[in-house]
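Taken in sequence, the protein lines are chains A and B. Per my numbering, residue 15 is the first one in the first sequence, and the count goes up by one each step. Per my numbering, residue 211 is the first one in the second sequence, and the count goes up by one each step. Even glycine gets a Cβ: it sits at the ideal position worked out from N, Cα and C. Working notes, structure below.
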Amino acid sequence: MIEARGLSKRFHDKKRGEIRAVDNVSFRCEPGRIYGLLGANGAGKTTTLRILATILEPTDGTALVCGHDVVEQPEKVRANVGFLSTATALYPRLTAQELVEYFGRLNRLDEATLKKRIDDIFSRLDMNGFRDRRCDKLSTGMKQKTSIARTLVHDPPVMIFDEPTLGLDIMTARTITTFIRECRDRGKTVIFSTHIMSEVEKLCDVIGIIHDGKLLTEGTLAHLRERYAEQDLEEIFVKIVAPLQARTDA
Amino acid sequence: MARNAIGIVYRKEFTEWVRDRRTLISTVLVPLFFFPIIMVGFTALAVVMVGKAKEETPKIMILGGEDSPQVLSGLRKVKSLEIAPYRANWKEQISEKEIRAAVEIPPGFQAALENGEAKIVKIYYYEGEMKSSFGVDRIEKFLKDYRDQVVKERLAAKSVPTSVLTPFEIRQENVAPPEKVSGATVGGFIGYMVVLLCMTGAMYPAIELTAGEKERGTMETILSSPISRMNLVLGKFLLVLSAALATAALSVMSMGISFLLLRRFNMSSGRGDAAALLLQLGPKAVASIFLMALPMAVLFSAVLMTIALFAKSHKEAQSYLTPMTFLVVIPAVASLLPGVELTPKLALIPILNTSLVCKEIMTGTYHWNSIAWIFGSTCVYAAVALFVAFKTFQRESVLFRS
């Protein structure tokens, strides 16, 4: 379970002054459901997810992840979270197995459990053929599988995906979307950010539209279609964001 | 658990470190082979070059002297000199190294000698050119012997004993043991090299583990794991420190071997100054230098990591850290200057103090008060630097600078 309560994050930029990257954002993500955070580039998706993963600290507000406060108990939060984004790269000089072992140990798994987990995950993701190959020698698909194994090794109840398919080819992206679905089917709480409408339509149970740091609306796809009298998600998105964008540009 | 987490990070960083070819070069190969190549290689080369130059019979030219046949025939009889026929362009010939020197016998030289008048004999040469100076040495030796002979004849003619010229003798005698003499000569250089290599050993891993991690995109990966930032910094810091100490240890070891080889080379080549290289690199000196290098290595590791963390890429980090090399080299070089000795004030200046104390240790001098003072002050600087490194790792604006 994730519960964001009035999350805000302000940055100071020398040229632009104070920037409100996230502005009083509140939402809930339930176990066994995928929450899709939809927004354009710079909308505040990554900052929100980084706060939930405790990589960044909120300026105001807080969030509870599995009952742990992101400000007060960041290490406990991280122990319950699997975080994956296109920016979360792999250590080039470690093998796929060594990398997953490293993160398993950081998550305080004992050696016997770690070995069992790794064998299980590597078989499930069909990774045994390259488990002893160094990460800098892996193909993009193999790297993504290794990243998935890294996020799964401690079997976290919450999964955070920040634009995980960005820049990936169709087959590798498919591996990721299948994996996200599997996480939901296993009862995990999943939050997922993207600006690709088709991914949201296919995957998400609840959609939150974020723009300029503010959560503008949220609901199931059916609710949004009904509320905005549009079938196409892209049209719904434009209907919500365009007036605000025009005001900002003016 | 904290110790375990630090150990996990350290082991992982160590694994990556030993698999990096660049590490092997900067931490192992450079300190291991730098000294033998520089010291033994260059000394051997210099000995060979000097030997060859000495074997050569310098070709010289005599200017004038037609009315002084005694000097001319004496010069022509010197076996270690080859006399070239006179040419008007003798200056050019010296510059072009066709002849090594020229000696000018003034007109009426012999007659002036007989009349007791003083004349000046000039030797023309190429300054800084070794073979030219060997030619000058041989001409000078002939002329001095000739002058001594003239003096003896004059004294004998007046029945005065030659001892009147030397009423007493002066002799210098060194009382310092040869180890201390050589320590004072090259000890400062060892301190300088330990300081410099300690820093170069720490530099590459400090960049790799901070800016390198940001550039590769693994910073976000590691920050999403449950390890605390303090443990993460400590794990990384210990690896950088290990690299700095490994470089320092290998360089000290390599220096010891180099001096040993050099001494053997000198002895086998029959050079008389072998004792000058009798360096005190016994276990006590090595342990003391290593002990003094320890807080300095902590200081370097923490400072380099902190600075490199501000950079977004390897290249940017290198541009930040290159000026650091000058900051380190200046006090280290200052310790080599003649007359710079360890004083209570200088004992507080980081790097300079360690270089100076290493110099003292090399001469076999152990001022325990100064050693304790330097060790303590460097430890304080190192602790402050480490604290700043921790604080920097907490700053989002540094970790996610874009």
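Same chain, Cβ closer than 7 Å to residue i, five either side skipped, listed in chain order
i, result
"residue 242/B", "460 and 464"
"residue 161/A", "98, 102 and 104"
"residue 607/B", "none"
Contact under 8 Å by Cβ, residue i with residue j
i, j, result
"residue 61/A", "residue 36/A", "yes"
"residue 588/B", "residue 505/B", "yes"
"residue 498/B", "residue 380/B", "no"
"residue 428/B", "residue 103/A", "yes"
"residue 165/A", "residue 98/A", "yes"
"residue 40/A", "residue 58/A", "no"
"residue 23/A", "residue 70/A", "yes"
"residue 561/B", "residue 542/B", "yes"
"residue 596/B", "residue 508/B", "yes"
"residue 66/A", "residue 84/A", "yes"
"residue 112/A", "residue 225/B", "yes"
"residue 311/B", "residue 342/B", "yes"
"residue 314/B", "residue 332/B", "yes"
"residue 514/B", "residue 403/B", "no"
"residue 15/A", "residue 203/A", "yes"
"residue 197/A", "residue 49/A", "no"
"residue 251/A", "residue 51/A", "no"
"residue 567/B", "residue 540/B", "no"
"residue 14/A", "residue 147/A", "Residue numbering for chain A in the displayed model covers 15 to 264; residue 14/A lies beyond these limits and cannot be assessed."
"residue 156/A", "residue 96/A", "no"
Residue i at chain A interface by Cβ criterion, 8 Å
i, result
"residue 445/B", "no"
"residue 505/B", "no"
"residue 398/B", "no"
"residue 606/B", "yes"
"residue 347/B", "no"
"residue 418/B", "no"
"residue 226/B", "yes"
"residue 522/B", "no"
"residue 222/B", "yes"
"residue 229/B", "yes"
"residue 438/B", "yes"
"residue 426/B", "yes"
"residue 430/B", "yes"
"residue 512/B", "no"
"residue 263/B", "no"
Reduced DSSP category for residue i - H, G, I as helix; E, B as strand; rest coil
i, result
"residue 653/B", "The structure shown does not extend to residue 653/B, since chain B is modelled only from 211 through 612, so no value can be given for it."
"residue 399/B", "helix"
"residue 586/B", "helix"
"residue 271/B", "strand"
"residue 43/A", "strand"
"residue 577/B", "coil"
"residue 524/B", "helix"
"residue 123/A", "coil"
"residue 369/B", "coil"
"residue 169/A", "coil"
Close-in-space but distant-in-sequence residues of the same chain around residue i (CB under 8 Å, 5 per side omitted)
i, result
"residue 530/B", "517, 518, 520 and 521"
"residue 25/A", "32, 33 and 35"
"residue 372/B", "361, 362 and 365"
"residue 216/A", "191"
Any chain B beta carbon closer than 8 Å to residue i
i, result
"residue 102/A", "yes"
"residue 247/A", "no"
"residue 121/A", "yes"
"residue 93/A", "yes"
"residue 230/A", "no"
"residue 70/A", "yes"
"residue 97/A", "yes"
"residue 178/A", "no"
Residues of its chain near residue i, where Cβ-Cβ distance is below 6 Å and the 5 sequence neighbours each way are ignored
i, result
"residue 255/B", "none"
"residue 216/B", "441, 444 and 445"
"residue 294/B", "269, 271 and 309"
"residue 346/B", "311, 333 and 335"
"residue 114/A", "132, 163, 164 and 167"
Proximity winner among the options, relative to residue i (alpha-carbon distances)
i, options, result
"residue 387/B", "539/B, 573/B and 374/B", "573/B"
"residue 275/B", "312/B, 316/B, 300/B and 301/B", "316/B"
"residue 140/A", "236/A, 124/A and 158/A", "158/A"
"residue 303/B", "336/B, 290/B and 285/B", "336/B"
"residue 353/B", "291/B, 565/B and 237/B", "291/B"
"residue 152/A", "184/A, 136/A, 231/A and 106/A", "106/A"
"residue 400/B", "502/B, 600/B, 283/B and 222/B", "502/B"
"residue 17/A", "74/A, 82/A and 30/A", "82/A"
Within chain D, partners of residue i - CB distance below 7 Å
i, result
"residue 117/A", "No chain D is present in this structure, whose protein chains are A and B."
Proximity test, residue i beta-carbon vs the ligand GDP heavy atom, cut-off 7 Å
i, result
"residue 29/A", "This structure simply doesn't include the ligand GDP, nor any ligand for that matter."
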